[in-house]
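Note sheet for the following structure.
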Amino acid sequence: MQIGVDLGTTNSVVARLDENGDPEILENERGERKTPSVVQFPDDGGVIVGTTAKRNQMEVPDRTVPRVKRHMGDQDWAVDIDGEEWGPEAISAEILKKLVADAEEATGEDVEEMVVTVPAYFGPKERNATLNAAKIAEFDKEDIELLNEPTSACLRYGIGDTGAGTVFVYDMGGGTFDATLMNVTPDGEFEVEGVKGGQRLGGEDFDDELYDHVRGEMIDAGHPDPEDNSAMKADVYEKVTDLKHDLSQTESGSISPMVGPGDTFNIDLSRDEFDEITEHLVDETFDYVDALFDHEKVDATKEDVDELLLVGGSTRIPKVQERVEDYFGMEASKGVDQDYVVAEGAAIQTELEPQGGGGGSIVLPRDIGLKTVDPDNDKETFEMILSEQTPVKASESKRGFRKIDKQSPKITIEILEGGKALAEENDKLGEFELKNLDEGSDPEFEVTFTVDEEGKLHAEATNLDTGRKAETTLEIGLTEKEIEGHIQRSEETHDDSVTRD
Ligand code: AMP
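Numbering (my numbering), first residue to last: 107 to 607.
Written out as structure tokens, the structure is:
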């Protein structure tokens, strides 16, 4: 069987094509259509993924990992479980394993191949990490296809069947926001023209705002602070999320959080008040959208957009829909449930020819450059070589680099990603050296960076006086040996577990 997997930040969804070729959502072991992307390592061994893990989260926060997707590609991030480090790939693999096991249970068939969706905002590093998660879940590289989430949404809406055009996808889920501008070519291929996104902007931020509001009202009325009591806090969070969902349907709502044993406190909230409390979050999404259209590498304007798609649970918020439609002066395509559109599109992709590079060409999500020193103030700064929004495969060169210490026989080139002015504010991807330089010489250097579709970054520096070169290729992510080690550890951890959710 082939499945489509929306490996989400807060929830994951699995779909396949039914006998009529229509997408169908596969329920998990509990009969749910969405599985919370929460992984927990209980004290007594094993791994739990899903609703139970989410429910127990506040009781065992140190052994629970929500939102691992935010860390994909970050090689410095890991959780420590009983002295063992679990990185983002290993944790994501546990989610995939659970989704696959439940899909097999639901259908009685083995999962042989899968299409896993990733944000268009994911760069080579994050894509590679997702592939490695699938490998740790014991899928061969040939049996996994990565697909851009916005491309998946287009497939579900049948965009591309009707000819060329420009599509804008506004995707706000639980923990992330992605704005993607795509071109559908006359032969029906999807090309990403630009992406902008916030790895930390989504429905949970709306919950946080509501929580702060409700907490303030509770304290003002003389009730205990929910921050001091984890059960109260969990209760308020659950109720504000329900209230947020209700306010997408009704003009006003109320909740009664627990304020003591058997005692509750009623709070009313209108949709207008909710919109006001959360307005700055919606504004923030449009900062990204504006920055996307303003970027010099993006040719299209918002007036060029032919199709507007809303993806992710948070686009059910009426104010969000209204603001997006106002911005583009057009109605968004509707009719497919926002929570399932990505998984269903991935199911459709299982029957199609692979979309190269993750669903059409991809662009670099962040600037890549190197560390330099500003001679005016000695500050270490970022010098861009490859700009964000550059289509991959990409290669750029820059000249004019010189030694800082003229006496030094070498220069070290530090490769940075991020595009922030100060070097230290960026992520370091690696470094290499040009050696054997004459002391006291002052040659000019040229630096070339190339990123290929596989996510490998090749960096080269040339001494323009002598023609001598130094180069490095950064392998982004885990080695095959590390992956093997993770496969084994995961199996051992599962052997450890008693049967449970
Ligand atoms: P996703 O990651 O796409 O599953 O999105 C989940 C997010 O959408 C969560 O933060 C939900 O609270 C939010 N969400 C789901 N349904 C609604 C709704 N009716 N109104 C507002 N937010 C919603």
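The beta carbon of each residue, even a glycine, is placed where N, CA and C say it ideally should be. This one's a predicted model, so the numbers in the text were calculated from it and none came from an experiment.
Please tell me whether, using a cut-off of 8 Å, the distance from the CB of isoleucine 423 to the nearest non-hydrogen atom of ligand 1 is below it.
Taking the first residue of the sequence shown as 1, we reach residue 423 at position 317. The answer is yes for isoleucine 423.
Measure how close the beta-carbons of valine 200 and valine 145 come, nearest whole angstrom, since I'm counting them as under 8 Å.
Mapped onto the sequence shown, residue 200 falls at position 94. Mapped onto the sequence shown, residue 145 falls at position 39. First, the amino acid is wrong: residue 200 is glutamate here, not valine. About 5 Å separates the two Cβ atoms, so the contact holds.
Going along the chain, which unbroken runs of the alpha helix (DSSP H) with 4 or more residues stay wholly within the segment 427–453?
none
Are the Cβ atoms of alanine 529 and glutamate 520 separated by less than 9 Å?
One-based indexing of the sequence shown puts residue 529 at position 423. One-based indexing of the sequence shown puts residue 520 at position 414. In this structure, glutamate 520 lies closer than 9 Å to alanine 529 by Cβ.
Which listed residue (Leu123, Val119, Pro129, Gly127) has its alpha carbon closest to that of glutamate 138:
Sequence index remark: in the sequence shown, residue 138 carries index 32 (1-based). Among Leu123, Val119, Pro129, Gly127, the Cα nearest to that of glutamate 138 is on Val119.
With 16 other CB atoms within 10 Å as the buried threshold, where does proline 460 fall?
Working through the sequence shown from its first residue, we reach residue 460 at position 354. Classification of proline 460: exposed, given that the 10 Å Cβ count is below 16.
Do valine 275 and alanine 226 have their C-beta atoms closer together than 9 Å?
Reading the sequence shown from its first residue, position 169 is the one you call residue 275. Reading the sequence shown from its first residue, position 120 is the one you call residue 226. For valine 275 and alanine 226, yes; Cβs fall inside 9 Å.
Ends of the alpha helix (DSSP H) at alanine 239?
In the sequence shown, residue 239 corresponds to position 133, counting from 1. Residues 230–242.
Whole-Å CB distance - isoleucine 109 paired with alanine 259, under 8 Å assumed:
Residue 109 sits at position 3 when you count from the first residue of the sequence shown. Residue 259 sits at position 153 when you count from the first residue of the sequence shown. Actually they are not in contact, since the Cβ atoms of isoleucine 109 and alanine 259 sit about 18 Å apart, beyond 8 Å.
Suppose the cutoff is 8 Å on Cβ atoms and the five residues either side in sequence are ignored; what does the same chain contact list for lysine 541 look like?
The residue given as residue 541 occupies position 435 in the sequence shown. Only Pro515, Lys516, Ala576 meet the Cβ criterion.
8 Å contact criterion, which methionine 220 and valine 111 should meet: CB distance rounded
Position 114 of the sequence shown holds residue 220. Position 5 of the sequence shown holds residue 111. Their Cβ separation, rounded to whole angstroms, is 5 Å, which keeps methionine 220 and valine 111 in contact under 8 Å.
Taking the beta carbon of asparagine 569 as the centre, do at least 16 other beta carbons fall within 10 Å, making it buried, or is it exposed?
For the purposes of this step, residue 569 is taken as residue 463 along the sequence shown, with counting starting at 1. When all chains shown are included, asparagine 569 counts as buried.
Going by other Cβ atoms of all chains shown within 10 Å of its Cβ, with 16 needed for buried, is histidine 386 buried or exposed?
Taking the first residue of the sequence shown as 1, we reach residue 386 at position 280. It counts as exposed.
First through last residue of the beta strand (DSSP E) which encompasses phenylalanine 296:
Your numbering for residue 296 matches position 190 in the sequence shown. Where phenylalanine 296 is concerned, the enclosing beta strand (DSSP E) stretches over 296–304.
With a 10 Å radius around its C-beta and 16 neighbouring C-beta atoms as the bar for buried, classify isoleucine 299 as buried or exposed.
Along the sequence shown, one-based indexing puts residue 299 at 193. Residue 299 is actually glutamate in this sequence, not isoleucine. Around the beta carbon of glutamate 299, a 10 Å sphere encloses 16 or more other beta carbons of the protein chains shown; the residue is thus reported as buried.
Got a sec? Which residues, its chain only, sit under 6 Å from proline 172 by beta carbon, not counting five neighbours each side?
Taking the sequence shown and counting its residues from 1, the one referred to as residue 172 is at position 66. Sequence-distant partners of proline 172 (beyond 5 residues in either direction) whose C-beta falls short of 6 Å from its own C-beta, in its chain, are Val144.
Determine the DSSP secondary structure at proline 142, reduced to helix, strand or coil.
Taking the sequence shown and counting its residues from 1, the one referred to as residue 142 is at position 36. Strand at proline 142.
Going by other Cβ atoms of all chains shown within 10 Å of its Cβ, with 16 needed for buried, is alanine 121 buried or exposed?
Residue 121 sits at position 15 when you count from the first residue of the sequence shown. Burial call: buried.
C-alpha distance - threonine 268 paired with leucine 414, whole-angstrom precision:
In the sequence shown, counting from the first residue as 1, residue 268 sits at position 162. In the sequence shown, counting from the first residue as 1, residue 414 sits at position 308. Their Cα atoms are separated by approximately 15 Å.
For serine 501, which three-state DSSP category applies?
What you label residue 501 is simply residue 395 of the sequence shown in a count that begins at 1. Serine 501 falls in the strand class under three-state DSSP.
Inter-residue spacing [alpha-carbon to alpha-carbon] between alanine 438 and lysine 425
The count along the sequence shown starts at 1 and reaches residue 438 at position 332. The count along the sequence shown starts at 1 and reaches residue 425 at position 319. When rounded, the separation of the alpha-carbon atoms in alanine 438 and lysine 425 is 13 Å.
Mind checking aspartate 313: buried by the 16 CB within 10 Å criterion, or exposed?
Position 207 of the sequence shown, counting from 1, holds the residue named residue 313. Classification of aspartate 313: buried, given that the 10 Å Cβ count is 16 or more.
Is it right to say serine 420 is buried, meaning 16 or more other beta carbons lie within 10 angstroms of its own, or is it exposed?
On the sequence shown, position 314 is the one that residue 420 refers to. Buried.
Here's the rule I'm using: 16 or more other beta-carbon atoms within 10 Å means buried, otherwise exposed. How should arginine 136 be labelled?
Locating residue 136 in the sequence shown gives position 30, counting from the first residue. So arginine 136 counts as exposed.
Proximity to aspartate 116 [Cα-Cα], best of Thr141, Ile131, Glu130
In the sequence shown, counting from the first residue as 1, residue 116 sits at position 10. Before going on, a small fix: residue 116 reads as threonine here, not aspartate. If we check each option's Cα against that of threonine 116, Thr141 comes out closest.
Helix, strand or coil for glycine 463 per DSSP?
The count along the sequence shown starts at 1 and reaches residue 463 at position 357. Residue confidence for glycine 463 is low, a pLDDT of 49 falling below 50, so the modelled location carries little weight; the figure read from the coordinates is stated next. Correct three-state label for glycine 463: helix.
Please report how far the alpha carbon of valine 224 lies from the alpha carbon of lysine 247, in whole angstroms.
Translated into the one-based positions of the sequence shown, residue 224 becomes position 118. Translated into the one-based positions of the sequence shown, residue 247 becomes position 141. Note on geometry: alpha-carbon atoms of valine 224 and lysine 247 lie some 16 Å from one another.
In its own chain, which residues sit with a C-beta less than 7 Å from the C-beta of asparagine 289, not counting the 5 before and 5 after it?
Start at 1 with the first residue of the sequence shown, and residue 289 comes out as number 183. Thr272, Glu297, Glu299, listed in sequence order.
Please report how far the alpha carbon of asparagine 162 lies from the alpha carbon of histidine 319, in whole angstroms.
Looking up residue 162 in the sequence shown gives position 56. Looking up residue 319 in the sequence shown gives position 213. Cα to Cα, asparagine 162 sits roughly 25 Å from histidine 319.
Determine the DSSP secondary structure at threonine 257, reduced to helix, strand or coil.
Residue mapping note: residue 257 aligns to position 151 of the sequence shown, counting from 1. DSSP places threonine 257 in helix when its eight states are reduced to three.
Closer than 8 Å is the cut-off here; do at least three beta carbon pairs connect the segment 361–374 with the segment 180–200?
no
Give the C-beta separation of valine 342 and proline 330 to the nearest angstrom, bearing in mind that I take them to be a contact with Cβ-Cβ under 8 Å.
As a working note, residue 342 is residue 236 in the sequence shown. As a working note, residue 330 is residue 224 in the sequence shown. Incorrect: roughly 11 Å between the Cβ atoms, too far for contact.
In DSSP terms, what glutamate 520 is bridged to
Start at 1 with the first residue of the sequence shown, and residue 520 comes out as number 414. Partner(s): Glu537.
Can you tell me whether arginine 606 is helix, strand or coil according to DSSP?
As a first step, residue 606 is located in the sequence shown; it is residue number 500 there, counting from the start. Caution is warranted here: a pLDDT of 48 is assigned to arginine 606, below 50, making its placement in the model unreliable, and the coordinate value is therefore given only provisionally. It is coil, neither helix nor strand.
Taking Cβ to Cβ, would you say isoleucine 468 is nearer than 9 Å to leucine 492?
The residue given as residue 468 occupies position 362 in the sequence shown. The residue given as residue 492 occupies position 386 in the sequence shown. Contact: no.
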